[in-house]
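All residue numbers for the sequence shown refer to the numbering used here, where the first residue is 32 and numbers rise by one.
Heads up, the beta-carbon is just placed ideally off N, CA and C, and yes, glycines get one too.
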Amino acid sequence: MKATALAGSNIAFVKYWGALDPEAHLPLNNSISLTLDQANTLVTIEFSPHIGHDVVELEGRMAEGRVRARVVRFLDELRRLGGSGDHARVASKSTFPVATGLASSASLFAAMAVAGLAALGLAPSEREVTTIARLGSGSAARSVCGGWVEWVAGGRHEDSYAYTLRPADWWPLRDIIVIVSEAPKESPSLAGHAAARSSPCFLGRLARAHQHLALVRTAVLTRDLEALGTVGEEEALLLHAVTMTADPPALYWLPATVAVMRQVWQWRREGLPVYFTLDAGANVHVFTTPEHTPQIATSLCAIEGVQRTLVCQPGGAPVPGDVHLF
Ligand code: DP6
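Here it is, written out as structure tokens:
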């Protein structure tokens with residue numbers, strides 16, 4: 032009744048922003064992402080009749096309030112699927128700063144789904160696991176799959192699932208995660224999805240997302256970095272245009288965020304194949320080829336306000352862990 036899983040975070044090139052059903056995390060558009068190999072979350076879950084109440088320990092601290100309630104709600108879903116009335120103990124540990132706009136809810140809930148289902152002795156199909164993980168966090172559906180992943184919006188629970196477009200070894204791109212802040216972001220994604228519709232940019236972004244899907248699919252299938260990078264940048268800028276103009280607004284960028292984006296554009300003018308994208312946070316993902324990665328990562332660290340970088344390669348699907356966190 033105890034199991035552990037390690038799942039990678041992911042970065043979206045076509046983003047999920049704004050929900051059809053915020054409770055069930057049903058999106059308004061399909062999205063496409065890359066699962067990352069070095070931004071991971073390890074989760075151990077145990078269900079037991081000897082545990083008196085759910086114990087949720089995230090990143091070494093007891094979770095409280097909204098964060099705990101969200102995890103408990105997900106445990107309730109797992110218990111419903113497994114026909115179990117047992118309380119659970121959950122612990123997580125990540126290799127990157129959580130709640131900073133680096134999709135830590137994606138790796139957390141993907142790992143929770145995989146570990147939780149195993150702990151309950153359930154073995155659903157990968158597609159079913161993606162829909163279950165989605166109930167914890169929308170982007171977690173994509174982290175259940177390895178490599179280049181599309182999440183089909185669907186429209187109802189069973190139809191909103193993710194699948195691998197191409198596996199991790201399809202295209203050896205590098206994602207240099209540029210950490211400019213480790214502070215938890217002030218505005219969680221949940222509030223952002225809810226506020227998105229109030230932005231005058233919302234419908235424009237949605238229309239572009241639908242167009243971008245075909246472009247990103249083709250870019251992945253043909254390994255076209257220019258096409259992927261161009262769309263990924265526009266998706267990030269449109270997402271942030273929506274957050275900045277929504278009610279209430281959210282401005283995630285820090286001075287170093289802008290400095291990194293400007294530097295990427297400057298490198299491109301100089302002929303380097305390098306692109307950025309961001310999720311809902313200040314930290315930036317910089318994409319380039321393996322050969323340019325060492326030089327670009329070093330130069331990024333020299334930008335004022337950049338704390339460190341984390342170089343990722345395409346990552347695989349979650350794996351069971353043999354060493355438990357408790
Ligand atoms: C900006 O998946 O974190 O990273 O479903 O409320 O948990 P919830 O939202 P979440 O939203 C992710 C938003 C994004 C873009 C993306 O990953 O597609």
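The three-state secondary structure of residue 81, taken from DSSP, is coil. In terms of Cβ geometry, residue 78 and residue 115 form a close pair [threshold 7 Å].
According to DSSP, residue 35 shares a beta bridge with 75, 352.
When beta bridges are read from the DSSP output, residue 182 appears opposite 62, 193. Here the stretch 217-231 lies against the stretch 43-56, with 3 or more beta-carbon pairs under 8 Å apart. With 5 Å as the limit, the residues whose C-beta approaches a heavy atom of the ligand DP6 more closely than that are 43, 46, 47, 56, 62, 136, 168, 169, 170, 220, 221, 310, 311, in chain order. Just so you know, the alpha carbons of residue 310 and residue 44 end up roughly 9 Å apart. Annotation for residue 159: the continuous alpha helix (DSSP H) segment containing it runs 157-167. Only residues of its own chain outside the window of five on either side were considered, and among them 46, 48 have a CB closer than 6 Å to the CB of residue 270, listed in chain order.
Its chain contains 172, 188, 189, 191, 192 as the residues whose beta carbon lies nearer than 8 Å to that of residue 162, once the 5 sequence neighbours on both sides are disregarded; these appear in chain order. Within the stretch 268-340, the complete alpha helix (DSSP H) segments at least 4 residues long are 286-300, 324-332, listed from N- to C-terminus.
Out of 134, 142, 247, the CA that lies nearest to the CA of residue 312 is found in 134. Selection 333, 60, 61, 37 evaluated against residue 294 yields 333 as nearest (Cα-Cα). Listed in chain order, the non-local C-beta contacts of residue 299 below 8 Å within the same chain comprise 305, 306, local neighbours out to five positions each way being set aside. Contact between the stretch 66-84 and the stretch 334-354 is present: 3 or more CB-CB pairs across the two stretches fall below 8 Å. Here DSSP, grouped into helix, strand and coil, assigns residue 67 to strand. Here the C-alpha atom of residue 81 lies approximately 14 Å from the C-alpha atom of residue 121. According to the DSSP assignment, residue 154 belongs to no alpha helix (DSSP H), since it is labelled neither H nor E.
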